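Report on the following structure.
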Amino acid sequence: MEIFPFKFKFIGGLLVIIAIFLSFFELMGKEQYNNIRILIANLGLIIITLSKDKLEVNDSHHIKMACFTLSALTLYLVNHLMVILFGVEETIELSRFVLDLLVIYLISYHFLKSKLTKSV
0 MEIFPFKFKF
10 IGGLLVIIAI
20 FLSFFELMGK
30 EQYNNIRILI
40 ANLGLIIITL
50 SKDKLEVNDS
60 HHIKMACFTL
70 SALTLYLVNH
80 LMVILFGVEE
90 TIELSRFVLD
100 LLVIYLISYH
110 FLKSKLTKSV
């Protein structure tokens with residue numbers, strides 16, 4: 000699952016920071032501008048996700064797959080609960096879904112990884 004070396008995490012992080020920074024400005028049409036911001040953020044998160052970790056944990060591939068599955072199921076269930084409980088009938092765009100999915104994945108993976116490295 001690791002395609003890029005560890006140094007690429009910094010490039011991905013920089014892209015995410017740029018996307019966050021761009022949210023304070025509005026340079027063109029709102030919809031097109033939001034699409035560009037989400038594209039930059041998704042690209043940065045994908046680079047972070049596909050980069051090697053500095054300290055690998057035993058069975059890190061299994062942990063990554065479990066966290067990815069957990070994040071996909073969590074996002075799916077939360078979206079359906081919002082429809083059922085709050086009556087939200089708005090569909091989620093694929094780019095926004097991928098953004099949310101990658102954020103949940105990175106949070107859960109690094110949380111579990113930190114717990115596993117402390118126990119070892």
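Per numbering that gives the first Met the number 0: the sequence shown = residues 0 to 119.
No residue lacks a Cβ here, since even glycine has one placed at the ideal position from N, Cα and C.
On a predicted model such as this, the values are computed, not experimentally measured, just so you know.
Can you tell which of the options has its C-alpha closest to the C-alpha of residue i?
| i | options | result |
| --- | --- | --- |
| D52 | S118, I2, I103, K117 | I2 |
| N41 | L14, I83, K29 | L14 |
How should residue i be labelled, buried or exposed, when 16 other C-beta atoms within 10 angstroms of its C-beta is the threshold for buried?
| i | result |
| --- | --- |
| L98 | buried |
| S107 | buried |
| I19 | exposed |
| Y104 | buried |
| K63 | buried |
| S22 | exposed |
Kindly list the residues whose CB is nearer than 6 Å to the CB of residue i, restricted to its own chain and excluding five residues on each side of it in sequence; keep chain order.
| i | result |
| --- | --- |
| G11 | G43, I46, I47 |
| N34 | none |
Return the chain-ordered list of same chain residues with a C-beta closer than 7 Å to the C-beta of residue i, the five sequence neighbours on each side being excluded.
| i | result |
| --- | --- |
| I37 | S94, R95, L98 |
| F7 | I46, S50 |
| I91 | N78 |
| L69 | S107 |
| Y32 | E25, L26 |
| A71 | L100 |
| I17 | I39 |
| T73 | I103 |
State the CB to CB distance for the pair residue i and residue j, rounded to an integer number of angstroms; the pair is presumed to be in contact (CB under 8 Å).
| i | j | result |
| --- | --- | --- |
| L111 | C66 | 6 Å |
Using a Cβ-Cβ cut-off of 8 Å (strictly less than) and excluding sequence neighbours within five positions of residue i, which residues of its own chain qualify?
| i | result |
| --- | --- |
| P4 | S50, K51 |
| E88 | V82 |
| Y75 | none |
Quick check for students: name the residue ranges of the alpha helix (DSSP H) that lie wholly in the region 34-105, counting only runs of 4 or more.
59-85
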